[in-house]
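**Student:** Before anything else, here's the structure in question.
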Amino acid sequence: FTVQLECTIYTTPPSTYKATQHRNSNKIPFQSHFQLAHQTMASKPGILTDWPWTPLGSFKYIILVPWVTETIYSIMVKDPKEWDLTNFTVIPFLLWRMLHNQLWISLSRYRTAKGTNRIVDKGIEFDQVDRERNWDDQILFNGILFFLANKYVPGASHLPLWRTDGVIITMLLHVGPVEFLYYWFHRALHHHYLYSRYHSHHHSSIVTEPITSVIHPFAEHIVYFALFAIPMLTVVFTGTGSIIAIGGYITYIDLMNNMGHCNFELIPNWVFSIFPPLKYLMYTPSYVPSLSLKNQIPSLGL
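Here the sequence shown is numbered in the numbering used here, starting from 1 and rising by one per residue.
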């Protein structure tokens with residue numbers, strides 16, 4: 001027979017705890033994401049753990065060739081008045097996301113190597129770098145879904161560049177149903193059944209990097225995108241969608257994920273003292289609620 005053992009070790013560096021407690025003196029202190037070290041033994045990967053294109057290795061970008069070819073073909077044969085700007089911006093947007101993430105990775109590794117103001121005073125291991133090198137898989141996945149939506153979802157093509165009402169709807173839906181559903185889904189992932197099969201892969205990185213935020217099995221990303229698609233599909237179906245609303249929304253999610261998983265603090269404490277509601281709109285590395293505690297308050301920045 002097989003015996004599965006799972007243990008969770010909590011450690012709280014005094015300096016980090018005091019910094020967190022100082023900024024949130026009127027709140028229940030939470031343990032940091034970086035202070036939560038999970039060690040799972042005999043984990044059994046669940047279904048849809050690997051990405052479909054994992055066997056392609058470095059040639060995985062070939063999956064975008066049909067879509068890129070169709071975009072180029074439409075530019076060549078169609079009248080400029082018939083061009084779909086939404087379709088044309090998918091590839092540049094994917095490249096922007098890769099550049100955005102790479103800039104955060106470079107900044108984080110520089111600050112970690114410099115060794116000042118590190119939350120976890122420890123270097124990054126090579127095993128972690130290898131484990132997280134497929135961070136672009138989720139961008140490829142999103143790109144395919146964007147192309148499919150542009151082609152088959154009514155109203156998802158020929159979007160305007162900007163619509164104010166669509167931006168407002170996107171913001172309200174994110175801080176409302178998306179945050180609520182995301183919070184409870186994340187809590188479910190910390191249940192021992194889902195944790196050992198899926199979410200433990202994410203928490204195997206103790207000294208987190210910005211891109212650690214998207215290191216999840218394929219199945220998790222399916223659910224994440226389904227949640228984040230709620231605002232995007234809503235503005236599309238209501239005719240209020242725009243390229244900037246959708247692109248800005250995804251960029252905001254990338255920004256919060258990257259900044260929240262750095263191993264250093266980027267936002268000074270005095271910023272939160274001047275504008276306290278900011279802590280409900282974003283999270284920082286030393287303030288990520290642990291799902292193991294009760295009476296938790298979800299952050300609106302995911």
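Note that beta-carbon positions come from the ideal geometry of N, C-alpha and C, so glycine has one too.
1) Does DSSP classify residue 118 as helix, strand or coil?
2) Taking only runs that begin and end inside the stretch 76 to 111, name each unbroken alpha helix (DSSP H) of 4 or more residues, in chain order.
3) Starting from residue 205, trace the alpha helix (DSSP H) both ways and give me its first and last residue.
4) What's the call for residue 308, buried or exposed, on a 16-neighbour Cβ count within 10 Å?
5) Can you give the Cα-Cα distance for residue 139 and residue 79, rounded to whole angstroms?
6) Can you name the start and end residues of the alpha helix (DSSP H) that residue 151 belongs to?
7) Using the three-state DSSP reduction, which class does residue 264 fall into: helix, strand or coil?
8) Measuring straight from C-alpha to C-alpha, what distance separates residue 73 and residue 82?
9) Whose C-beta lies closer than 6 Å to the C-beta of residue 51 among residues of the same chain, with five residues either side of it excluded?
10) According to DSSP, is residue 240 helix, strand or coil?
11) Quick check for students: name the residue ranges of the alpha helix (DSSP H) that lie wholly in the stretch 155 to 199, counting only runs of 4 or more.
12) For residue 270, count the other beta carbons within 10 Å of its own beta carbon; 16 or more makes it buried, fewer makes it exposed. Which is it?
13) With residue 89 and residue 243 assumed to form a contact (beta carbons below 8 Å), what rounded beta-carbon distance in angstroms separates them?
14) Just verifying my parser: in three-state terms, what is the DSSP assignment at residue 284?
15) Take every Cβ of the stretch 179 to 199, pair it with every Cβ of the stretch 262 to 269, and state whether three or more of those distances are shorter than 8 Å.
16) Rounded C-beta distance between residue 216 and residue 202? I'm assuming under 8 Å.
17) Please check the pair residue 237 and residue 178, which I expect to be a contact at CB under 8 Å, by giving their CB distance rounded to whole angstroms.
18) Say whether the stretch 148 to 159 touches the stretch 238 to 257, bearing in mind that this needs 3 or more beta-carbon pairs closer than 8 Å, one atom from each stretch.
19) For residue 184, does the count of other Cβ atoms within 10 angstroms reach 16, so buried, or fall short, so exposed?
20) Using 8 Å for Cβ pairs, my map puts residue 144 next to residue 250. What's the rounded Cβ distance?
21) Give the DSSP-derived three-state secondary structure of residue 131 in the structure shown.
22) Could you give the C-beta distance for residue 101 and residue 211, rounded to a whole number, given that I count them as a contact under 8 Å?
23) Quick check: the Cα distance between residue 124 and residue 114, rounded to an integer number of angstroms?
24) Which residues bound the alpha helix (DSSP H) around residue 270?
25) How long is the line joining the alpha carbons of residue 281 and residue 54, rounded to whole angstroms?
26) Alpha carbon to alpha carbon, what distance is there between residue 84 and residue 182?
27) With H, G and I counted as helix, E and B as strand and the rest as coil, what does DSSP make of residue 67?
28) Under 7 Å between the Cβ atoms of residue 166 and residue 226?
29) Going by DSSP in three states, residue 50 sits in which element: helix, strand or coil?
30) Would you call residue 199 buried or exposed, if buried means 16 or more other Cβ atoms sit within 10 Å of its Cβ?
**Tutor:** The relevant details are as follows:
1) Strand, per DSSP.
2) Runs found: 85 to 88.
3) Counting along the chain, residue 205 sits inside no alpha helix (DSSP H), nor does DSSP assign it H or E at all.
4) In the structure displayed, the chain extends from 1 to 302; residue 308 sits before or after that span and is not available.
5) Distance between the alpha carbons of residue 139 and residue 79: 30 Å.
6) In this chain, the alpha helix (DSSP H) harbouring residue 151 covers 137 to 152.
7) Here DSSP, grouped into helix, strand and coil, assigns residue 264 to strand.
8) Cα-Cα distance, rounded: 13 Å.
9) Cβ within range, chain order: 137, 218.
10) Coil at residue 240, not helix or strand.
11) Counting only runs of 4 or more residues that sit fully inside the stretch 155 to 199, the alpha helix (DSSP H) segments are 164 to 173, 179 to 189, in chain order.
12) Burial call: exposed.
13) Approximately 6 Å separates the beta-carbon atoms of residue 89 and residue 243; this is inside 8 Å, confirming the contact.
14) Secondary structure of residue 284 (DSSP, three-state): coil.
15) No: fewer than three Cβ pairs fall under 8 Å.
16) Under the criterion of beta carbons closer than 8 Å, residue 216 and residue 202 qualify as touching, at roughly 5 Å.
17) Contact doesn't hold; Cβ gap of about 16 Å is too wide.
18) With the cut-off at 8 Å, the stretch 148 to 159 and the stretch 238 to 257 touch.
19) With fewer than 16 other Cβ atoms from the protein chains shown falling within 10 Å of its own Cβ, residue 184 counts as exposed.
20) Actually they are not in contact, since the Cβ atoms of residue 144 and residue 250 sit about 14 Å apart, beyond 8 Å.
21) Reduced to three states, the DSSP call for residue 131 is helix.
22) Contact between residue 101 and residue 211 holds, with the beta-carbon distance rounding to 6 Å and staying under 8 Å.
23) About 12 Å.
24) Here the alpha helix (DSSP H) through residue 270 covers 269 to 274.
25) A straight line joining the alpha-carbon of residue 281 with that of residue 54 spans about 35 Å.
26) A straight line joining the alpha-carbon of residue 182 with that of residue 84 spans about 32 Å.
27) Per DSSP, reduced to three states, the secondary structure at residue 67 is helical.
28) The criterion of a C-beta distance shorter than 7 Å is not satisfied by residue 166 and residue 226.
29) DSSP places residue 50 in the coil class of the three-state scheme, outside both helix and strand.
30) The residue in question, residue 199, is buried, as its Cβ has 16 or more Cβ neighbours within 10 Å.
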